[in-house]
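Counted from 1, the sequence shown has number 54 at position 53 by our numbering; the numbering is strictly sequential. Here a beta-carbon is modelled for each residue, glycine too, at the ideal position from N, C-alpha and C. Written out below as structure tokens is the structure these notes cover.
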Amino acid sequence: MSIFSRLRNLGRRELTCQDANTFLAAYLDGALDEQTSERFAKHINRCPTCSSYLNDYESTVDLSRATRVQNAPPELVAETLEFLRLRLKAED
Ligand SMILES: [Zn+2]
Numbered sequence: 002m003s004i005f006s007r008l009r010n011l012g013r014r015e016l017t018c019q020d021a022n023t024f025l026a027a028y029l030d031g032a033l034d035e036q037t038s039e040r041f042a043k044h045i046n047r048c049p050t051c052s053s054y055l056n057d058y059e060s061t062v063d064l065s066r067a068t069r070v071q072n073a074p075p076e077l078v079a080e081t082l083e084f085l086r087l088r089l090k091a092e093d
């Protein structure tokens, strides 16, 4: 399911951790509409799991940007993100 159809399906219900997880990259890219972005931020502020996930995600992205030595292998970045994602799921 594309993120945009997911967005349409959100309706007015509260964002779940899974929603937050799905929209995280779009949120950081500024690709979410203002309303969804606000709801996302609200969830992050309330939810320690997601806020720590967001922090980890941001440091991973920063790290991969900062590492210039042959670039951070994309697999490493993908693996790290997958690890974080699984951890988030386990805590759900
Ligand atoms: Zn959450």
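Check, Outcome
"Tell me whether A21 is buried or exposed, calling it buried when 16 or more other Cβ atoms sit within 10 Å of its Cβ.", "buried"
"Along the chain, where does the alpha helix (DSSP H) that runs through L16 open and close?", "Careful: L16 lies outside any alpha helix (DSSP H) and carries neither H nor E."
"Which whole-angstrom value is the C-beta distance of C18 and L89, which I expect to be below 8 Å?", "7 Å"
"Taking Cβ positions, are L33 and Y54 nearer each other than 8 Å?", "no"
"When we look at the beta-carbon of L16 and count the other beta-carbons within 10 Å, is it buried (16 or more) or exposed?", "buried"
"Pull every residue with its beta-carbon under 6 Å away from any heavy atom of ligand 3, and keep them in chain order.", "Among the ligands modelled here, namely ligand 1, ligand 3 does not occur."
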